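S.K.:
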Amino acid sequence: MARHGFEAALPHVFRHEGGYADHPRDPGGATKYGITSATLSAWRGARVTATDVRRLTRAEAGAIYRARYWDAILADDLPAGVDYCVFDAAVNSGPGRAARWLQAALRVPQDGIVGPVTLAAAAATDPARLIDDICDVRLAFLRSLSTFAVFGRGWECRVGEVRRAARAMARGGAATTTPPDPRGDGRDSAPPAGGFWSMLAALLRAILTGGKR
1 MARHGFEAAL
11 PHVFRHEGGY
21 ADHPRDPGGA
31 TKYGITSATL
41 SAWRGARVTA
51 TDVRRLTRAE
61 AGAIYRARYW
71 DAILADDLPA
81 GVDYCVFDAA
91 VNSGPGRAAR
101 WLQAALRVPQ
111 DGIVGPVTLA
121 AAAATDPARL
131 IDDICDVRLA
141 FLRSLSTFAV
151 FGRGWECRVG
161 EVRRAARAMA
171 RGGAATTTPP
181 DPRGDGRDSA
191 PPAGGFWSML
201 AALLRAILTG
211 GKR
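Numbered per UniProt numbering, the sequence shown spans residues 1 to 213.
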């Protein structure tokens with residue numbers, strides 16, 4: 001269990017999820033940092049507008065990610081690196097599916113709930129091997145989707161970055177808080193609000209989660 005694991009993992013998730021987007025093909029509607037208007041409404045207990053989503057701060061988005069994703073998979077109790085690996089999968093495809101991928105990698109019953117049996121098995125498994133196995137299970141699922149021909153390259157890039165960063169965390173190294181730019185130009189900046197990469201992230205998320213977050 002790594003101290004400050006959430007703080008180390010969150011910048012990577014923000015980088016992948018992008019800034020503000022409101023793409024007409026995304027059933028989730030307005031989205032920022034990967035947080036949809038429906039999720040923000042549920043979080044605040046009141047209906048929000050696209051403007052409210054646009055004004056969402058990183059601090060509030062981080063609080064949502066901790067409560068609804070990180071805590072949902074008991075990431076504080078997972079080994080360093082494994083915590084980020086499962087967290088990113090939860091953000092991208094839902095906590096239940098991420099938990100089942102972890103359980104599949106551990107060869108324990110797959111009930112989609114991280115509990116004592118799953119945690120004990122994770123603690124007894126080599127973290128680097130477990131990270132590789134989780135990423136392999138995740139990729140196998142993604143490659144089975146009919147949309148892989150269109151979005152597969154982006155999915156593989158994301159899982160590849162997660163694999164590398166998670167393994168660095170497991171080794172005790174400080175994985176860079178700025179993951180490699182998927183455009184390959186090496187620039188260190190968040191994707192522009194409303195830009196292509198934010199809209200693409202929204203579409204990919206809609207496919208993987210059925211538009212629910």
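Heads up, the beta-carbon is just placed ideally off N, CA and C, and yes, glycines get one too.
Fair warning: this is a prediction, and the values are worked out from it, not measured in the lab.
Which first and last residues belong to the alpha helix (DSSP H) in which Leu102 is found?
M.R.: As a first step, residue 102 is located in the sequence shown; it is residue number 102 there, counting from the start. First-last of the alpha helix (DSSP H) with Leu102: Pro95 to Leu106.
S.K.: Let me make sure I understand the geometry here. Which of Ala80, Asp71, Asp76 and Ala120 has the alpha-carbon closest to that of Gly96?
M.R.: Residue mapping note: residue 96 aligns to position 96 of the sequence shown, counting from 1. Of the candidates Ala80, Asp71, Asp76 and Ala120, the one whose C-alpha sits nearest the C-alpha of Gly96 is Asp71.
S.K.: How would you call Thr51, buried or exposed, if buried means at least 16 neighbouring beta carbons within 10 angstroms?
M.R.: The residue labelled residue 51 in the question sits at position 51 within the sequence shown. Exposed, since its Cβ has fewer than 16 Cβ neighbours within 10 Å.
S.K.: Going by Cα to Cα distance, which pick from Ala42, Arg129, Leu142 and Ala59 is closest to Ala166?
M.R.: Taking the first residue of the sequence shown as position 1, residue 166 is located at position 166. With distances taken between Cα atoms, Ala166 lies closest to Arg129.
S.K.: Where Asp22 and Ala124 are concerned, what is the direct C-alpha to C-alpha distance, given to the nearest angstrom?
M.R.: By 1-based counting over the sequence shown, the position of residue 22 is 22. By 1-based counting over the sequence shown, the position of residue 124 is 124. Computed Cα separation, rounded: 44 Å.
S.K.: What does Ala21 pair with, by DSSP beta-bridge criteria?
M.R.: Taking the first residue of the sequence shown as position 1, residue 21 is located at position 21. Bridge partners of Ala21: Thr31.
S.K.: For the stretch 145 to 154 against the stretch 111 to 125, do three or more pairs of beta-carbon atoms, one drawn from each stretch, fall closer than 8 Å, so that the two count as touching?
M.R.: Between the stretch 145 to 154 and the stretch 111 to 125, the count of Cβ pairs shorter than 8 Å is below three; the stretches do not touch.
S.K.: Assuming Trp43 is part of the alpha helix (DSSP H), what are its boundary residues?
M.R.: The residue you call residue 43 lines up with position 43 of the sequence shown. Ser37 to Arg44 is the extent of the alpha helix (DSSP H) around Trp43.
S.K.: On the three-state DSSP scale, how would you describe Leu130?
M.R.: Taking the sequence shown and counting its residues from 1, one reaches residue 130 at position 130. Three-state DSSP puts Leu130 in a helix.
S.K.: Please work out which residues of its chain come closer than 6 Å, Cβ to Cβ, to Asp133, disregarding the five sequence neighbours upstream and downstream, and give them in chain order.
M.R.: Against the sequence shown, residue 133 aligns to sequence position 133. Here the set comprises Ala105.
S.K.: Just the C-alpha distance for Ser37 and Val53, rounded to the nearest angstrom, thanks.
M.R.: Residue mapping note: residue 37 aligns to position 37 of the sequence shown, counting from 1. Residue mapping note: residue 53 aligns to position 53 of the sequence shown, counting from 1. When only Cα atoms are considered, Ser37 and Val53 end up about 6 Å apart.
S.K.: In angstroms, rounded to a whole number, what distance separates the CA positions of Leu145 and Cys135?
M.R.: By one-based count along the sequence shown, residue 145 stands at place 145. By one-based count along the sequence shown, residue 135 stands at place 135. Rounded to the nearest angstrom, the two C-alpha atoms are 16 Å apart.
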